[in-house]
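Colleague: Okay, handing you the structure first.
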Amino acid sequence: MNASMMANDGEPDAEKAFFVADLSQVYRQHQRWVSCLPEITPYYAVKCNPDPYVLRLLAALGTGFDCASNGEISRVLSIGGVDPSRIIFANPCKANSFIRNACKLGVDTMTFDNMDELYKVARTHPRAKLVVRILTDDTKSLCQLGLKYGAPLVTVPALLTKAKELNLDVVGVSFHVGSGCYDPTVYSDAIARARYTFDMAKEAGFSFTLLDVGGGFEDASFEQAASVLKDAIEEHFPDRRNIRVIAEPGRFYVSKAFSLAANIIARRAPFSDSAEMTTGNDQPSVMYYINDGVYGAFNCILFDHQVVHPYVLSINGSFHVPSSEPGFGSGIG
């Protein structure tokens, strides 16, 4: 063990943080999805984790893909065997160049929630299959998306009228209750709003065939969310023979499949630069520095309100500490 560690000391990347993946966990989550929501096709949110091995596995399992950028579309298509029809460009505010690229690659299904997007699509991808993203209640989620995306229902008739004037094809409705939804009952209200949008579309001369129920699925409450979602769909869409239902799960698939391995690279007594880190009965508080941070793997702490739980990795219950260095009480155990 010690010889191996000393050998690694000479490697330039020997102490670089890295992820350990358990793809069987991704597979188990997919089986869980199919068991609870057999009528809803998952379109994996690539932005969550674009690892090529994850994408290949999900492609083999038959999922679709929710992409929000050119880069994500390219990643999915580069793995091979994925038809562009299995991709939804789920970004309601795209640059003209992004829409042109989607057209070139054969990605036709894409979302919108504003008038400007309709004009851009009419110019650059007139054969697109458009999905109107509506605003729903996202106050019960950690990451609320309503400030950025989603058309209020009162604006939908005007959007549909303009789409008809521009000879664009609007095929369905989408919503997102927010990432990290901790109250699954909000799906019921969102489905009711989607039903109302279907009815408005019929009045505008469209025949919707797609219902996208978005993401926000939490691992701990997934079964409850699935039950609420199924009941709401059954209530508001009892005749679904010509309606395809999809969803955009992300963290649900991969949050438990990846663990970050990092090294402690320095220690510091946080409240006094002159304080010595001494051993004894009264262990001092110690601040540990690791070789990753919020500009890397831990950006989720700032942007996604995540709480991480570090633990010390041991081998046969023991830790490797050079005999020349003192040991101290840990604040991360």
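Just so we're aligned: 174 in full-length UniProt numbering is position 174 of the sequence shown, and the numbers increase by one with no gaps anywhere. C-beta atoms are modelled at their ideal positions from N, C-alpha and C, and glycine is treated no differently.
Rounded to a whole number of angstroms, what is the C-alpha to C-alpha distance between leucine 61 and cysteine 48?
Modeller: Taking the first residue of the sequence shown as position 1, residue 61 is located at position 61. Taking the first residue of the sequence shown as position 1, residue 48 is located at position 48. Distance between the alpha carbons of leucine 61 and cysteine 48: 18 Å.
Colleague: In terms of residue numbering, what span does the alpha helix (DSSP H) encompassing aspartate 169 cover?
Modeller: Position 169 of the sequence shown, counting from 1, holds the residue named residue 169. Not the alpha helix (DSSP H): aspartate 169 falls in the beta strand (DSSP E), residues 169 to 174.
Colleague: Is leucine 130 near aspartate 66, with beta carbons less than 8 Å apart?
Modeller: Counted from its first residue, the sequence shown places residue 130 at position 130. Counted from its first residue, the sequence shown places residue 66 at position 66. In this structure, aspartate 66 does not lie closer than 8 Å to leucine 130 by Cβ.
Colleague: Out of Ala102, Asp51, Tyr44 and Asn291, state which residue places its alpha-carbon closest to the alpha-carbon of alanine 17.
Modeller: In the sequence shown, counting from the first residue as 1, residue 17 sits at position 17. Among Ala102, Asp51, Tyr44 and Asn291, the Cα nearest to that of alanine 17 belongs to Asn291.
Colleague: Can you tell me where the beta strand (DSSP E) with valine 312 in it begins and where it stops?
Modeller: The residue you call residue 312 lines up with position 312 of the sequence shown. Counting along the chain, valine 312 falls outside any beta strand (DSSP E), and DSSP gives it neither H nor E.
Colleague: What first and last residue would you give for the beta strand (DSSP E) that runs through proline 42?
Modeller: Numbered from 1 along the sequence shown, position 42 holds the residue referred to as residue 42. Looking at the DSSP string, the run of the beta strand (DSSP E) that includes proline 42 is 40 to 45.
Colleague: Ignoring anything shorter than 4 residues or poking outside the region 64 to 138, list the alpha helix (DSSP H) runs there in chain order.
Modeller: 70 to 78, 96 to 105 and 115 to 124
Colleague: Looking only at its own chain, which residues have a Cβ that is under 6 Å from the Cβ of proline 157, when we skip the five neighbours before and after it?
Modeller: Start at 1 with the first residue of the sequence shown, and residue 157 comes out as number 157. Answer for proline 157: Met200, listed in chain order.
Colleague: Tell me whether the beta-carbon of tyrosine 187 lies closer than 8 Å to the beta-carbon of alanine 232.
Modeller: Reading the sequence shown from its first residue, position 187 is the one you call residue 187. Reading the sequence shown from its first residue, position 232 is the one you call residue 232. Yes. Within cutoff.
Colleague: Tell me the residue span of the alpha helix (DSSP H) that contains serine 255.
Modeller: Working through the sequence shown from its first residue, we reach residue 255 at position 255. Segment: none, serine 255 is in no alpha helix (DSSP H) and carries neither H nor E.
Colleague: Taking 8 Å as the threshold, find out whether the region 96 to 111 comes into contact with the region 120 to 128 through three or more Cβ pairs.
Modeller: yes
Colleague: In three-state DSSP terms, what is serine 318?
Modeller: In the sequence shown, counting from the first residue as 1, residue 318 sits at position 318. Reduced to three states, the DSSP call for serine 318 is strand.
Colleague: In this structure, how does DSSP classify tyrosine 289 when only helix, strand and coil are distinguished?
Modeller: Counting from 1 along the sequence shown, the entry for residue 289 is found at position 289. Residue state, collapsed to three classes: strand.
Colleague: Identify the continuous alpha helix (DSSP H) that holds serine 37 and give its terminal residues.
Modeller: In the sequence shown, the residue the question calls residue 37 occupies position 37. Note on residue identity: the sequence assigns leucine, not serine, to residue 37. Neither: leucine 37 is in no alpha helix (DSSP H) and is coded neither H nor E.
Colleague: So what does DSSP say about phenylalanine 18, is it helix, strand or coil?
Modeller: The residue labelled residue 18 in the question sits at position 18 within the sequence shown. DSSP places phenylalanine 18 in strand when its eight states are reduced to three.
Colleague: Does DSSP put arginine 195 in a helix, in a strand, or in coil?
Modeller: Locating residue 195 in the sequence shown gives position 195, where the first residue counts as 1. Helix.
Colleague: Does DSSP classify aspartate 219 as helix, strand or coil?
Modeller: In the sequence shown, the residue the question calls residue 219 occupies position 219. Three-state DSSP puts aspartate 219 in coil, outside helix and strand.
Colleague: Out of Asn101, Ile243 and Pro52, state which residue places its alpha-carbon closest to the alpha-carbon of isoleucine 79.
Modeller: Locating residue 79 in the sequence shown gives position 79, where the first residue counts as 1. Comparing Cα-Cα distances from isoleucine 79 to each of Asn101, Ile243 and Pro52, the minimum goes to Pro52.
Colleague: Suppose you measure from the CA of asparagine 101 to the CA of asparagine 70; what does that come to, to the nearest Å?
Modeller: Your numbering for residue 101 matches position 101 in the sequence shown. Your numbering for residue 70 matches position 70 in the sequence shown. Asparagine 101 and asparagine 70: Cα-Cα distance of roughly 7 Å.
Colleague: Going by C-alpha to C-alpha distance, which of Ala262, Ala269 and Ser318 sits closest to histidine 309?
Modeller: Your numbering for residue 309 matches position 309 in the sequence shown. Closest option to histidine 309, Cα to Cα, is Ala262.
Colleague: Please identify the residue among Glu165, Tyr253, Arg267 and Phe89 whose C-alpha is closest to the C-alpha of glycine 216.
Modeller: In the sequence shown, residue 216 corresponds to position 216, counting from 1. Proximity to glycine 216 across Glu165, Tyr253, Arg267 and Phe89 peaks at Tyr253, based on C-alpha coordinates.
Colleague: Could you check which residue in Ala190, Phe237, Asp212 and Lys94 has the C-alpha nearest to that of valine 173?
Modeller: Taking the first residue of the sequence shown as position 1, residue 173 is located at position 173. Out of Ala190, Phe237, Asp212 and Lys94, Asp212 has the C-alpha closest to the C-alpha of valine 173.
Colleague: Does DSSP put leucine 57 in a helix, a strand or coil?
Modeller: Taking the first residue of the sequence shown as position 1, residue 57 is located at position 57. Residue state, collapsed to three classes: helix.
Colleague: So if DSSP puts alanine 226 in a beta bridge, which residue, or which two residues, is it bridged to?
Modeller: Reading the sequence shown from its first residue, position 226 is the one you call residue 226. In the DSSP assignment, no residue is bridged to alanine 226.
Colleague: Less than 8 Å between C-beta atoms, sequence neighbours within five positions excluded: which residues of the same chain meet that for alanine 247?
Modeller: Counted from its first residue, the sequence shown places residue 247 at position 247. Correct list, in chain order: Leu37, Ile40, Thr41, Pro42, Tyr43, Asp212, Val213, Gly214, Gly215 and Phe217.
Colleague: In the DSSP assignment, what are the bridge partners of arginine 244?
Modeller: For the purposes of this step, residue 244 is identified with residue 244 of the sequence shown, where counting begins at 1. Note: arginine 244 sits in a beta bridge opposite Leu210.
Colleague: On the DSSP letters alone, give me the boundaries of the beta strand (DSSP E) that alanine 266 sits inside.
Modeller: By one-based count along the sequence shown, residue 266 stands at place 266. Its beta strand (DSSP E) spans residues 264 to 268.
Colleague: Can you have a look at aspartate 83 and say buried or exposed, based on whether 16 or more other CB atoms are within 10 angstroms of its CB?
Modeller: Along the sequence shown, one-based indexing puts residue 83 at 83. When all chains shown are included, aspartate 83 counts as exposed.
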